[in-house]
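Below is one structure, written out as structure tokens; comments come after it.
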Amino acid sequence: MKKLAAFVILSGIALMLVNCSGSESKKDSKTGDIKLPVFTLTDSSSFDFGTIQEGEVVEHTFHFKNDGPYPLILNNITSSCGCTTPEWPREPIAPSAVSSIKVRFNSKGKSGPQVKTVTVYANTDPAYSELRLRGIVNAAPKAEAAK
1 MKKLAAFVIL
11 SGIALMLVNC
21 SGSESKKDSK
31 TGDIKLPVFT
41 LTDSSSFDFG
51 TIQEGEVVEH
61 TFHFKNDGPY
71 PLILNNITSS
81 CGCTTPEWPR
91 EPIAPSAVSS
101 IKVRFNSKGK
111 SGPQVKTVTV
121 YANTDPAYSE
131 LRLRGIVNAA
141 PKAEAAK
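My numbering puts the first residue of the sequence shown at 1, with every later residue one more than the last.
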């Protein structure tokens with residue numbers, strides 16, 4: 001009789017554990033249904049500006065579209081260096097709308113191969129995307145010392 005009571009109690013506990021884990025998976029599937037904006041670049045996420053002379057300023061515009069069902073908000077955009085400056089829309093981008101991010105690289109004081117990363121933070125999943133500028137900066141000719 002004690003064995004039967006122990007079996008019934010253990011079976012009840014096992015049944016409760018199975019029910020609990022089942023309800024969690026239902027909750028997980030519901031959170032997977034959350035719809036977010038989708039940041040989709042219409043061209044490449046990387047731009048090669050080629051070879052330039054030190055001191056030149058290079059600009060490139062990255063075009064994107066909101067492929068999600070809700071407004072896309074670009075919360076912040078940071079660059080890997082103070083020589084790289086992004087400009088982006090501050091207002092929400094409606095579903096199916098297109099917009100752009102302009103990135104300006106000032107090569108003053110830079111020489112050699114350059115790779116600059118711009119990180120776009122938005123209300124998307126994943127919460128950030130990366131854009132890159134790359135190229136080579138030829139050093140400025142050095143002025144000859146006065147004799």
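Using N, Cα and C, we set each Cβ at its ideal position, and we do this for glycine too. Remember, predicted model here, so these are calculated numbers, not experimental data.
- Considering only A140, R104 and E130, the residue with the shortest C-alpha distance to S45 is E130.
- The beta carbons of T117 and R132 sit closer together than 8 angstroms.
- Linking N75 to K142 through their CA atoms gives a straight-line distance of about 42 angstroms.
- S79 carries a strand assignment under DSSP once its states are collapsed to helix, strand and coil.
- With 16 or more neighbouring CB atoms inside 10 Å of its own CB, G68 falls in the buried class.
- Residue state for R104 is assigned as strand, using DSSP reduced to three classes.
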